[in-house]
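A short write-up of the structure that comes next.
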Amino acid sequence: MLKNIYPKKSLKGTITVPGDKSISHRAVMFGAISKGVTEITGFLTGDDCMSTISCFRKLGVDIDISEDTVKVYGKGLNGLSKPSEILDVGNSGTTIRLISGILAAQPFSCQITGDSSIKKRPMSRVITPLSLMGAKINGIEKDGFAPLHIDGTKLQSIEYKLPVASAQVKSAILLASLFADKPTTIIEPIASRNHTEIMLNYFGADIKNENGKIISSPVKQLYGKPVSVPSDISSAAFFMVAGLIVPDSHIIIKNVGVNETRTGIINALKKMGGNIKVLNQNNENGEPVADIEVTTSKLNAITLEGSIIPKMIDEIPVFAVAALFADGTTIIKDAEELKVKESNRIAVMAEELGKMGANIEETSDGMIIKGNSVLQGAEVESHNDHRVAMSLAIAALKANSKTIINNSESVAISFPSFYDYIEKL
Ligand code: S3P
């Protein structure tokens with residue numbers, strides 16, 4: 002689908018963006034392997050989280066959906082049943098990697114597949130540690146890639162140093178650790194999002210973090226509880242950047258998850274001189290939430306590198322858009338993980354923003370972005386990557402004529418009503 006985006010002179014208003022994708026996935030998965038009913042409110046009904054629901058229904062779990070409230074009738078730690086069909090995760094890396102940790106320990110075998118993007122994304126990062134735990138898991142067509150075949154078996158605990166800062170890998174191991182005999186230790190070189198640790202503990206798990214050493218001790222059972230999902234900071238980020246770069250703008254984004262393992266984007270934009278305020282801090286089932294207020298600002302270039310990168314990994318495409326309008330040259334380093342997301346986000350952002358007149362040099366681990374850009378409207382391509390589509394739309398608000406986004410419907414993965422929000426503001 003083609004979408005026309007027109008430049009805007011001002012953006013004003015108060016919005017609530019949809020629920021957090023990471024937390025929505027986890028609430029379904031952990032609810033499914035807990036005893037009792039997990040009622041999830043503020044659930045993100047985007048395509049990725051619906052793929053998680055579809056997989057768990059095939060594993061025998063009853064799940065009711067009514068608007069953004071989801072009820073998961075948990076089966077307990079040992080209650081999933083063998084699916085009669087191949088599990089399909091669609092576009093969702095979180096689903097395939099996390100579910101692998103659960104399926105590795107089940108008393109049945111099954112297969113998992115996904116779309117053409119999923120089949121290109123590395124799965125060896127979960128296959129390696131799960132195999133060390135005794136799992137029988139392999140790529141059916143190609144080593145290290147989906148579709149995967151998993152022969153569930155009894156797992157042993159391990160001590161494992163994560164080679165990449167990845168919450169998906171950490172979470173797969175933590176889920177497998179629930180079924181192991183002894184405590185499992187994961188050493189995390191750089192902290193990644195910790196929603197799994199928070200929610201599993203809330204459901205009765207025993208996971209401790211001792212200075213980057215995460216120790217998960219086995220428990221007999223998990224118990225489902227109500228989960229209220231905060232708005233997704235990754236979706237809010239598009240409107241934070243829009244509010245900073247579009248003239249005469251003032252936007253308030255309500256009830257956003259501000260877990261400190263996710264707030265890199267706020268810190269980076271503030272470091273550039275962005276006028277962003279975090280107001281009305283609160284807590285929902287162990288996750289901090291707050292309102293975010295953004296006002297048009299003059300931005301300065303910065304260098305983005307090191308431990309902040311995993312804290313804003315999904316926001317780097319839209320951060321690159323902010324950098325186009327900063328004074329000076331912004332450098333992004335240590336972000337090679339962007340190459341193995343839904344698309345190669347370094348190459349794709351440089352190419353597509355380049356069509357609008359941006360000057361972005363691709364490097365092996367990031368980008369060099371020239372600021373003070375003047376963008377022209379152009380025909381650009383989302384590469385079927387939701388965050389690319391939305392980042393290009395934000396850049397288009399500052400172009401001097403209409404921009405056309407090809408395959409614009411990919412926003413349905415994480416933010417189905419995204420384009421309506423632009424109109425609302
Ligand atoms: C996610 C973790 C991140 C992120 C993804 C969601 C999660 O991936 O990019 O969108 O929910 O755990 P990695 O853990 O692979 O960095």
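The opening residue of the sequence shown carries number 2 in the numbering used here; numbering runs sequentially from there. Every residue gets a Cβ at the ideal spot worked out from N, C-alpha and C, and that includes glycine.
Nonlocal neighbours in the same chain, by C-beta distance under 7 Å from residue i, ignoring five residues either side
i	result
V279	V259, I267, A291 and I293
C56	L88, V90, T96 and I100
K214	T186 and I188
T114	I87, D89, A147 and P148
Y203	K226, N286 and G287
E160	T186
D315	S235 and R388
A400	P8, M357, L376, Q377 and G378
G372	A302, A324, L325, F326, A327, D328, G329, T330 and T331
R263	R194, I234 and K312
Secondary structure of residue i, DSSP reduced to three states
i	result
Q107	coil
T197	helix
G94	helix
N202	helix
T114	strand
S236	helix
G102	helix
G32	helix
T129	helix
I188	strand
I414	helix
V228	strand
D1	Residue 1 lies beyond the stretch modelled for the chain, which goes from 2 to 426, so this question has no answer here.
G145	coil
K221	coil
G244	helix
A173	helix
A136	coil
A181	strand
I151	strand
K209	strand
I87	coil
I159	coil
Minimum C-alpha distance to residue i - residue among the options
i	options	result
N345	I332, D366, L325 and F326	D366
N480	G47, I309 and S229	Past the boundaries of the shown model lies residue 480; the chain is included only from 2 to 426, so the question cannot be answered.
A351	A327, A105 and S383	S383
S236	A394, K155 and M273	A394
H196	H387, F31, L398 and A177	F31
P417	T42, Y7 and M51	M51
L78	S35, I66, T53 and A105	S35
S308	A336, K143 and K221	A336
K162	V412, D152 and L131	L131
R98	S85, S117, R27 and L81	R27
T42	T264, V71, N408 and F180	V71
K255	D233, C111, G265 and I246	D233
I128	S118, N139, K271 and I119	N139
E353	T364, A390 and Q157	A390
V257	L3, K13 and P19	P19
Ligand 1 heavy atom lying under 7 Å from the CB of residue i
i	result
S167	yes
K342	yes
I113	no
H384	no
E338	yes
I314	yes
S23	yes
R194	yes
G154	Correcting the residue type first, residue 154 is Thr in the shown sequence and not Gly. Every heavy atom of ligand 1 is 7 Å or more from the Cβ of T154, so no.
T96	no
S172	yes
H26	yes
Own chain partners of residue i with C-beta closer than 6 Å, once the 5 adjacent residues on each side are dropped
i	result
I141	P148 and H150
L175	T197 and S217
S415	K22, G47 and H387
I333	L305, G367 and M368
P311	A166, I191 and S193
V242	V319, V322, A323 and I395
A397	I6 and T404
E362	I369
Q107	L81 and G153
S110	D152
Cutoff 8 Å; reference residue i; Cβ partners in own chain excluding five residues on either side
i	result
K299	G274 and D328
I16	F240, I252, I253, I254, K255, Y422, K425 and L426
Contact with chain D by residue i, beta-carbon distance below 8 Å
i	result
L131	No chain D is present in this structure, which holds just one protein chain.
Exercise. What are the uninterrupted segments assigned as alpha helix (DSSP H) that are 4 or more residues long and contained completely in the stretch 336–405, given in chain order?
Worked result: If we require 4 residues or more, the alpha helix (DSSP H) runs fully inside the stretch 336–405 come out as 346–356 and 387–397.
Problem set entry | Secondary structure, beta strand (DSSP E): runs of 3+ residues fully inside the stretch 264–332 | 276–285 and 288–296
For this session: Just list the beta strand (DSSP E) runs in the stretch 2–84, keeping only unbroken ones of 3 residues or longer that don't cross its boundaries, in chain order.
Result: 4–6, 13–16, 38–42, 63–67 and 70–74
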